[in-house]
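Residue numbers (this note's numbering): 20 to 221.
We treat Cβ as the ideally placed atom computed from N, Cα and C, and that holds for glycine.
For reference, the structure discussed in these notes is given below.
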């Protein structure tokens, strides 16, 4: 999966089928001028993307109950998107499937402006058991582990809209991207990766 910016033109996406799952990979593209509206929209989508990915929730919670976490930053600006959460292996029914440890889902909020631009930030997550201070009702709590390592375009992020905690999250994620991807790259690519993942600050 990649974190994708969608232009009005048809995007060349690739369908990958594995033994246990099917996923769609789309490349990052830049086919129009970036304006304030786009940058704000990207940042609000990113805030929702981070909020959902950091969620801790009771065992058995369904995707529909968590979906609001990704929408709140957009709702504050009067924005929204029309798709919902996805379980990779059971996409049509993901909203109502109780989440359990070892399930694989996607965190993919977006924003689409007809005839202008579209944004989707998409990471694959594995549901994991969460280590919480308390365990109300002995039901157990869950969290998410990221397994997608695709950089966020820093030029599209309005840092003034991010909290210190969100900035720390982006920096930690980019540090993990650098550590995981570097061994697959040559010297030129590694130099690009290092620059692309330099820490951000408000």
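Asked                                                                                                                                                             : Found
For residue 209, which residues in the same chain have their Cβ closer than 6 Å to its Cβ, ignoring the five residues on either side in sequence?                 : 201
Judging by CA-CA distance, which residue of 144, 171 and 158 is the nearest neighbour of residue 66?                                                              : 171
Enumerated in chain order, which unbroken segments of the beta strand (DSSP E) with a length of 3 residues or greater are wholly contained in the segment 60-136? : 123-126 and 129-132
Using 8 Å as the Cβ pair cut-off and three pairs as the minimum, do the segment 171-180 and the segment 78-88 touch?                                              : no
Three-state secondary structure (DSSP) at residue 180?                                                                                                            : helix
Can you grab the Cα-Cα spacing for the pair residue 76 / residue 134, in whole Å?                                                                                 : 37 Å
The ligand FAD and residue 206: does the residue's C-beta get closer than 6 Å to at least one heavy atom of that ligand?                                          : Only the bare structure without any ligand can be found here, which leaves the ligand FAD out of the picture.
Over what stretch of residues does the alpha helix (DSSP H) that includes residue 208 continue unbroken?                                                          : 206-215
Using C-beta distances below 7 Å, list every residue in its chain close to residue 159, excluding the 5 sequence neighbours before and after it, in chain order.  : 78 and 148
What does the alpha-carbon distance come out to for the pair residue 120 and residue 152?                                                                         : 18 Å
Buried or exposed: where does residue 69 fall if 16 or more other Cβ atoms within 10 Å of its Cβ makes it buried?                                                 : buried
Can you give, in chain order, each stretch of the beta strand (DSSP E) that sits fully within the segment 137-186 and has at least 3 residues?                    : 142-148 and 160-165
Between the Cα of residue 165 and those of 185, 183 and 142, spot the shortest distance and give me the residue it belongs to.                                    : 142
Relative to the C-alpha of residue 131, which residue among 56, 71 and 191 is closest?                                                                            : 56
Could you tell me which of 59, 221 and 178 sits nearest to residue 136, measuring between CA atoms?                                                               : 59
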